Every structure is written in structure tokens, then in C-alpha cells.
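A.B. asks:
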Amino acid sequence: MPSSCHGNAGVCLVLGGARSGKSLFAERQIEATGLSACYIATAEARDAEMAERIRQHRRRRGDVWTTVEEPLYLADALDNATSPGRAVLVDCLTIWLANVMAAGHSPERDIDGLLHVLGKAAGQVVLVSNEVGMGIVPENALARKFRDEAGTMHQRIGAIAGRVIFVTAGLPLVLKGPPPDILTQAAEPEGKGQDTHR
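Just so it is clear: in the sequence shown, position 4 is -5 by the working numbering, and no numbers are missing.
#1: Looking at the structure shown, is residue 5 part of a helix, part of a strand, or coil, going by DSSP?
#2: From residue 49 to residue -2, what does the alpha carbon distance come to, in whole angstroms?
#3: The alpha helix (DSSP H) spanning residue 138 covers which residue range?
#4: What are the boundary residues of the beta strand (DSSP E) that residue 120 is part of?
#5: Would you please state the rounded distance, in angstroms, between the beta carbons of residue 168 and residue 154? I believe it to be under 8 Å.
#6: Can you check DSSP and say which residues form a bridge with residue -1?
#7: Measure the alpha-carbon distance for residue 2 versus residue 157 and round it to whole angstroms.
#8: Considering just the uninterrupted stretch of the beta strand (DSSP E) at residue 60, what are its terminal residues?
#9: For residue 35 versus residue 62, is the C-beta distance shorter than 8 Å?
#10: Kindly indicate which three-state DSSP category residue 31 falls into: helix, strand or coil?
#11: Considering Cα atoms alone, identify which of 14, 136 and 173 is closest to residue 89.
#12: Looking at the strands, I want to know which residues DSSP matches up with residue 82.
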């Protein structure tokens, strides 16, 4: 579904699969701006595995980030967090979408609200999301609906974002917009140099 919202060059959508390196790439992109950094977390520590993932992400970011935890009302949290001197990272959209659907909200309405905020957001906004539509067709109807809603959400946000990047195996591929300044160093594993301009 096309978005009626205006585009925003300050918005970047970072897509990738599980453990693809998308979150680390997004964090480095935020840090490279030199702006005050804010992290909006949509995940909740509902089990030991998720609690450990959250702990690892917090440790990696350190104390220089402001953290906002908002699993459901993302548009409001983002609206409050953005400003001209700030860079905001949202991680991640697909967990937020799952929360929206589990709460019985209308995904389309909540995505509309998010797009409205993104269209007018000041500063820099980087949104991380899982690409869930590249595997086998899910067996149950709810999983298929989630996959379809996620695909539509990505298309709508990608349409207004100034930059869209797909990350796989730790390597970023720019799908839309200019490559970020940190692309080369973000694509290199620690301690190793790689030529990523291929």
C-alpha cells in the first residue's frame, strides 16, 4: 500500500535476517552521526533468551545512549524522542508489529501513525527490522498474516525513507539512497580488513 506521508531523508530502514549484523550496523550508523543517541527498544524480556539478548545489546551500546522501552506505542515514543540534535534507533519493527497484533490493535492504523511521525521527524532516525518474507510459506494463518503485514510495513516505510539498507552476513547492501559514511568500516569484522566495494 503506498504511503501518503512525505518522504524524509533523515530516515533509514535497515533490514536483515536473524543474526545478520543489522543491529550492530544500525548502532554504528547512529554513533557516526555524532548526535545525542537514543535507543527505542520494542522487545520485552519474556523469557531467559530474550533477557540475555537485551542484556547483550545494552552492554554493547554502553552508557552513552538514552534508552526508551516501548513495546506497543511506538509512534508516541518516537515523536517524543526525535529532535534536530538527536539520532534515534528503533530496534526492532517486527517485534513491535508482533506486539501490536498480539494486543488486538489494527496493524494498518498503528503503522499509519508511525508513518505520520516518521514523515515529520527531525534529526536522524534508523529503524531496524527483520526480513521475514524470504523463507518458506508459514503453515498457519496467523504466521502468514504476520509475514504479509511485515512485508507491507517494510514497503510503506521504505517508500518514505531516504535510505534503505539490507544486511546479510554482516555486510550492508544499499537498496535506496546514498551509502552511509560508515559503510566500509561497519562491514569489516573487528580486527580484519575487507574490501566491501564489490
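Think of the CB as a built atom: it goes at the ideal place given N, C-alpha and C, for glycine as much as any other residue. No experiment lies behind these values; they were computed from the predicted model shown.
C.D. replies: For this structure:
#1: DSSP places residue 5 in strand when its eight states are reduced to three.
#2: The straight-line gap from Cα to Cα measures roughly 31 Å.
#3: Run containing residue 138: 132 to 151, per the alpha helix (DSSP H) assignment.
#4: Counted as a single uninterrupted DSSP element, the beta strand (DSSP E) harbouring residue 120 occupies residues 115 to 121.
#5: Residue 168 to residue 154, Cβ: 3 Å. Contact.
#6: BP columns for residue -1 point to 152.
#7: Taking the straight line joining both Cα atoms gives about 14 Å.
#8: First-last of the beta strand (DSSP E) with residue 60: 57 to 60.
#9: At the C-beta level, residue 35 and residue 62 come within 8 Å of one another.
#10: Assigned with DSSP and collapsed to three states, residue 31 falls in strand.
#11: The option with the nearest alpha carbon to residue 89 is 136.
#12: As DSSP reads the structure, residue 82 sits in a beta bridge with 32 and 119.
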